Every structure is written in C-alpha cells, then in structure tokens.
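Peer 1: For what it's worth, our numbering labels the leading residue of the sequence shown as 14, then goes sequentially.
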Amino acid sequence: MTVGIGGAGCKIAAKLDDDAILVNVSETELSKVPGGGRRILAGLHAGKGQFKGSRKDRDIGLDAYLSVKRELLSLIKGNMVFSSTGGGTGNGITSGILQDLTKEENIATEDKTFFGLLLPYARLESSEFVSNTSDFLAGPLAEAIDSGNTGNIVLFSNRLKFEKKISEERYNKMLVESLKVFLSIPDKNDQFKLLDGHIDHEDFLLYMSKPYFNHFSYFHYKPEAPFEKQLNQNSNKLLLETENPIEAMFLLEVPEKGDPTIFYDIVEYFTERNVSPVYSVVENPELKEPFITVSLLYSRKPAELVNDFNKIAEKHAQAKVQKSLEQYVSLEKLNVNLADEAKQAVKQRGDEEEILAILKRLGKL
Ligand SMILES: Nc1nc2c(ncn2[C@@H]2O[C@H](COP(=O)(O)OP(=O)(O)OP(=O)(O)O)[C@@H](O)[C@H]2O)c(=O)[nH]1
Ligand SMILES: [Mg+2]
Numbered sequence: 014m015t016v017g018i019g020g021a022g023c024k025i026a027a028k029l030d031d032d033a034i035l036v037n038v039s040e041t042e043l044s045k046v047p048g049g050g051r052r053i054l055a056g057l058h059a060g061k062g063q064f065k066g067s068r069k070d071r072d073i074g075l076d077a078y079l080s081v082k083r084e085l086l087s088l089i090k091g092n093m094v095f096s097s098t099g100g101g102t103g104n105g106i107t108s109g110i111l112q113d114l115t116k117e118e119n120i121a122t123e124d125k126t127f128f129g130l131l132l133p134y135a136r137l138e139s140s141e142f143v144s145n146t147s148d149f150l151a152g153p154l155a156e157a158i159d160s161g162n163t164g165n166i167v168l169f170s171n172r173l174k175f176e177k178k179i180s181e182e183r184y185n186k187m188l189v190e191s192l193k194v195f196l197s198i199p200d201k202n203d204q205f206k207l208l209d210g211h212i213d214h215e216d217f218l219l220y221m222s223k224p225y226f227n228h229f230s231y232f233h234y235k236p237e238a239p240f241e242k243q244l245n246q247n248s249n250k251l252l253l254e255t256e257n258p259i260e261a262m263f264l265l266e267v268p269e270k271g272d273p274t275i276f277y278d279i280v281e282y283f284t285e286r287n288v289s290p291v292y293s294v295v296e297n298p299e300l301k302e303p304f305i306t307v308s309l310l311y312s313r314k315p316a317e318l319v320n321d322f323n324k325i326a327e328k329h330a331q332a333k334v335q336k337s338l339e340q341y342v343s344l345e346k347l348n349v350n351l352a353d354e355a356k357q358a359v360k361q362r363g364d365e366e367e368i369l370a371i372l373k374r375l376g377k378l
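1) The alpha helix (DSSP H) that contains SER147, what's its start and end?
2) Can you name the residues that DSSP bridges to VAL267?
3) Which residue spans inside the segment 75 to 120 form an unbroken alpha helix (DSSP H) run of at least 4?
4) Please confirm whether ASN37 has its beta-carbon closer than 8 Å to some beta-carbon of chain D.
5) With H, G and I counted as helix, E and B as strand and the rest as coil, what does DSSP make of GLY383?
6) Compare the Cα-Cα distances from THR98 to each of ARG83, LYS65, ALA135, LYS82 and report the closest residue.
7) Taking all protein chains shown into account, decide if SER44 is buried (16 or more other Cβ within 10 angstroms of its Cβ) or exposed.
8) Give the straight-line distance between the Cα atoms of SER170 and LEU251, rounded to the nearest whole angstrom.
9) VAL288 and ALA261 look like a contact to me (Cβ under 8 Å); what is the Cβ gap, rounded to whole Å?
10) Do you know whose CA, among LEU196, LEU114, PHE304, lies nearest PHE232's CA?
11) Counting C-beta neighbours from all protein chains within 10 Å, is the total for ASN245 16 or more, i.e. buried, or is it exposed?
12) Pull the bridge partners of ALA33 from the DSSP assignment, please.
13) Would you say the beta carbon of GLY49 is closer than 7 Å to some non-hydrogen atom of ligand 2?
14) Identify whether THR41 lies in helix, strand or coil by the three-state DSSP scheme.
15) Is ASN202 helix, strand or coil by DSSP?
16) At what residues does the beta strand (DSSP E) containing ARG172 begin and finish?
17) Taking its Cβ as the centre, do 16 or more other Cβ atoms sit within 10 Å of GLN204, making it buried, or is it exposed?
18) On the DSSP letters alone, give me the boundaries of the beta strand (DSSP E) that THR306 sits inside.
19) Hey, would you say VAL249 sits closer than 8 Å to PHE217, going by beta carbons?
20) Of the residues TYR220, ILE34, ALA55, PHE226, which one's Cα is nearest the Cα of ASN257?
21) Report all residues for which the CB-ligand distance to some heavy atom of ligand 2 is below 7 Å; order them along the chain.
22) Can we count SER289 as close to ligand 1, meaning its CB is less than 7 Å from some heavy atom?
23) Within a Cβ cutoff of 6 Å, which residues of the same chain sit near ASN125, ignoring the five residues on either side of it in sequence?
24) Using the DSSP secondary-structure output, state which residues sit across from GLU260 in a beta bridge.
25) What whole-angstrom Cβ distance do LEU114 and LEU168 have, given they're in contact under 8 Å?
26) Would you mind working out which of GLY100, THR146, TYR78 sits nearest GLY109, comparing C-alpha positions?
27) Rounded to whole angstroms, what is the Cα-Cα separation between GLU269 and SER67?
28) Please report how far the alpha carbon of ASN297 lies from the alpha carbon of GLU254, in whole angstroms.
29) With ASN245 as the anchor, note down where its alpha helix (DSSP H) starts and where it stops.
30) Measuring only the C-alpha atoms, how far is LYS206 from LEU265?
31) Would you say the beta carbon of LEU131 comes nearer than 7 Å to a heavy atom of ligand 1?
32) Can you give me the C-alpha to C-alpha distance between LYS174 and VAL291, rounded to a whole angstrom?
33) Would you mind stating whether ILE18 and GLY91 have Cβ atoms separated by less than 8 Å?
34) Is VAL342 helix, strand or coil by DSSP?
35) CA-CA distance, GLY74 and VAL38?
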C-alpha cells in the first residue's frame, strides 16, 4: 500500500497505486487528485475551513500531523510514503512521521517504511522550497536514518523536469514508470524462467528495508563493453546523483537462448568494490538483447547530502549576486560612456586640445 502526503506526494502515490491513501490539509487539493483511494484531511488548529494548503510553511504541516499521527503511524508500517521536501504540508507531515519513527525501539524488517522524496531543483525553484528541503535533510531525515528505523529512501529530483521543460503530468508519469521498473524485480523472478541466482519477495523486502539511499537504473546491457562505463552512462536522471554503493541488487534479463553467464562480469565489478550483490538472471523471451535493472544502496551521510544540496542552492544565490554586480558594473560603464559623450561634445565645439585634456582627467590617457 502507498501513502501520498501533500500536493506532489498525493499525485505521485495515486499514479502508482489505485488504492493509495492521500493526505493533505487542503480539501480542494485532495479532491483534485485523479485516482488513488481514501482521502485523509489532516486538521489544522487555526483552520477556518480547510481549503488552502500550508503555504510553504512546514510548521503548519507539522501541526496538522498531530491530528493524523496515530492513524498514519500504523498505515505507513511496511508501506511506501511519497512526499515533496519543499512544500509545507509534505515536509511538515513527513517530518512528523520521521521524528516518531526515530523514537521507536526496534522496527521489524517487514514493518519498515520506504520513502520516495521529491527534491526541488534548487537553481530554478522558489527559495522556500529550497530552505525547507535543507532543513528537512539536515533534521528529521538525518536523525531517522541514524536511528536505522527507515527503509530505503529514494531521492527523486525535479532537475530534469525544469531543464527539459517537461509537463508536471508527464514528469510524474516518468517518475512512477521508472520506480515500477525497480519494483517489478521480484515479480519478474516469479514470472520468468530462472537461469541463475534468485531474488524472491523476501530477499526484495529485506533489501527495501535497509535504511540507505536507493539509486536504481536500467538499460540494455552489452556484455562486450565494460559494465562500469554502461552503468555511468545510464545513471537514472530522475534521481539525485549516486555515491559509492555499499550494497547492490541486479536483475539481468536475457533473451531466449541468450548466454546465461554474462552476469559474472557484473558480479566481478561489484566484488572489486567490496560489494556482494544480490542478483538473479532470468530468461525473457520478449527481449532481443539483455536488459539489466540495477539498484545501488549508498549511505551518503545526511550532513554531506545537505552540503551537496546547499552548494547548489549557494551557486544559485551567487548567480543572483553576480547579476546585481553586473548591474553595478554597468553603472561604471556609464562613466566611460560619459567620457565618450564628453569627447563628442567637445568635438562638436571643434576644440581638439580640450578633448585630450578631458580624456587625461578621466584617466583614459
Ligand atoms: N514532479 C512534481 N513536482 C511537484 C508536483 N507538485 C509539486 N511539486 C514540487 O513539490 C514542491 C512543492 O511541494 P507540494 O507537494 O506542492 O506542497 P505541499 O506539500 O502540498 O505543501 P503546501 O502546498 O505548501 O501546503 C516543489 O518543489 C514543486 O516543484 C508534481 O505534481 N510533480
Ligand atoms: Mg499543497
């Protein structure tokens, strides 16, 4: 089951799962989400009618969390939660969940929660979204990861959406389709003939229950070319960039009568990096060439993650400062232009000597 929180979280969860539970503080926003299942309206203390969102204020989201805390904490167990990190509602309610998970003693593997978080593109999105995200990564998320009480965390990014000017609807579809490729690993193991290794539902669940960042990608695998190069070239552009993996999983699908031994090079690639991958090789008769789905778990320390994120945000701020500096510089340029003007004026009066004197005074000669 899937839980969507706030604007972005609800839209994405509803696309992934017809039974998704959708949570928001705004009745208007909730009723507009197409698809999905039950709606939960989180209550606001100060609310006089709840038709507005949290207006990017994470404290309002956190306040609303209190009204749904008990219900949500049991709903998210063993399930997937989607939220943006920039919006007030998504950020606030998800922060509340993470803070409560952090306090729990010991959460069983099958009860761990998977988080799909949508990060703003710092270069182009509003500064409130960016600072909410920094606070979220540095605070509730960092603490929850340290407590070991979350499952995998996937960091989706809106970078590609803005850079390639993709519509929200289409981008959400891309995010969901991409995640579905990763989530289909255990079903494909059931469905297709197994040639080597095996990932069953329990292995998959165990993998998903680890409190690390999950970066997954998929591509047609060419056995004659180095795996490392192909992995780098095909990194998933919908996700935040990855770090060195500490664990890995891959599913290799080969065509009928395909060579079932081409996976050894991939295992070797990982073992050279001290990672022993969980893997399986299956025969997919619909394929013409091998196809690989690979997931890397990495443990970017939250502080470093925040640093990365802040660096992008800082660059953005610097660009702004640079712009205003340029405006200032153009004032100076105006002085130079004034010199030209003076030159022009004197020229009109026909006094060449005077021109030289003026230019000298302006430091031009
Ligand atoms: N990819 C994508 N990003 C979205 C979508 N809706 C919002 N966002 C992003 O999510 C962030 C804003 O968060 P929302 O989820 O809209 O906000 P919210 O949680 O409803 O919080 P408030 O509206 O402030 O109450 C920004 O970074 C937006 O670019 C969406 O449908 N798809
Ligand atoms: Mg909203």
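All C-beta atoms, glycine included, are put in the ideal place defined by N, C-alpha and C.
Predicted model, so just to flag it, every value in this text is computed and none were measured.
Peer 2: For this structure:
1) Residue range 140 to 149 is occupied by the alpha helix (DSSP H) that includes SER147.
2) Paired residues: GLU296.
3) The segment 75 to 120 contains these whole alpha helix (DSSP H) runs: 101 to 116.
4) Here there is only one protein chain, and chain D is not present.
5) Residue 383 lies beyond the residue range present for the chain, which begins at 14 and ends at 378; the question has no answer from this structure.
6) Looking at the Cα atoms, ALA135 is the closest of the given residues.
7) Only exposed fits SER44, as fewer than 16 other CB atoms lie within 10 angstroms of its CB.
8) Rounded to whole angstroms, the gap between the alpha carbons of SER170 and LEU251 is 6 Å.
9) Under the criterion of beta carbons closer than 8 Å, VAL288 and ALA261 qualify as touching, at roughly 5 Å.
10) PHE232 has its Cα closest to that of PHE304, out of LEU196, LEU114, PHE304.
11) Classification for ASN245: exposed.
12) In the DSSP output, where bridge partners are listed per residue, ALA33 has none listed.
13) Checking every heavy atom of ligand 2 against the Cβ of GLY49, none is found closer than 7 Å.
14) Residue state, collapsed to three classes: helix.
15) DSSP places ASN202 in helix when its eight states are reduced to three.
16) Segment 172 to 176 is the alpha helix (DSSP H) holding ARG172; no beta strand (DSSP E) there.
17) So GLN204 counts as exposed.
18) That run of the beta strand (DSSP E) goes 304 to 311.
19) Note on residue identity: the sequence assigns Asn, not Val, to residue 249. Result no, Cβ atoms of ASN249 and PHE217 do not sit closer than 8 Å.
20) Taking each of TYR220, ILE34, ALA55, PHE226 in turn and checking the Cα distance to ASN257, the smallest one comes out for PHE226.
21) The set of residues with CB atoms less than 7 Å from any heavy atom of ligand 2 reads, in chain order, GLY19, GLY20, ASN37, SER39, GLU42, GLY66, SER67, GLY100, THR102.
22) With a cut-off of 7 Å, the C-beta of SER289 is classified as distant from ligand 1, since no heavy atom of the ligand falls inside that distance.
23) Checking the displayed sequence, the identity of residue 125 turns out to be Lys instead of Asn. Here the set comprises GLY164, SER222.
24) The partner list for GLU260 (beta bridge, DSSP) reads LEU310.
25) The pair is not a contact, with the Cβ atoms about 18 Å apart (cut-off 8 Å).
26) Comparing Cα positions, the closest option is TYR78.
27) Going from the Cα of GLU269 to the Cα of SER67 covers about 54 Å.
28) So the two alpha carbons sit approximately 30 Å from each other.
29) If you look at ASN245, you'll find it in the alpha helix (DSSP H) that goes 240 to 246.
30) Across the structure, LYS206 and LEU265 are spaced so that their CA atoms are roughly 12 Å apart.
31) Under cutoff, so the answer is yes.
32) The alpha-carbon of LYS174 is positioned some 32 Å away from that of VAL291.
33) Not in contact: ILE18 and GLY91 (Cβ atoms no closer than 8 Å).
34) Note that VAL342 scores a pLDDT of 48, beneath 50, so its modelled location is shaky; the value from the coordinates is reported in the next line. Here VAL342 carries a helix assignment [DSSP, helix/strand/coil].
35) Taking the straight line joining both Cα atoms gives about 8 Å.
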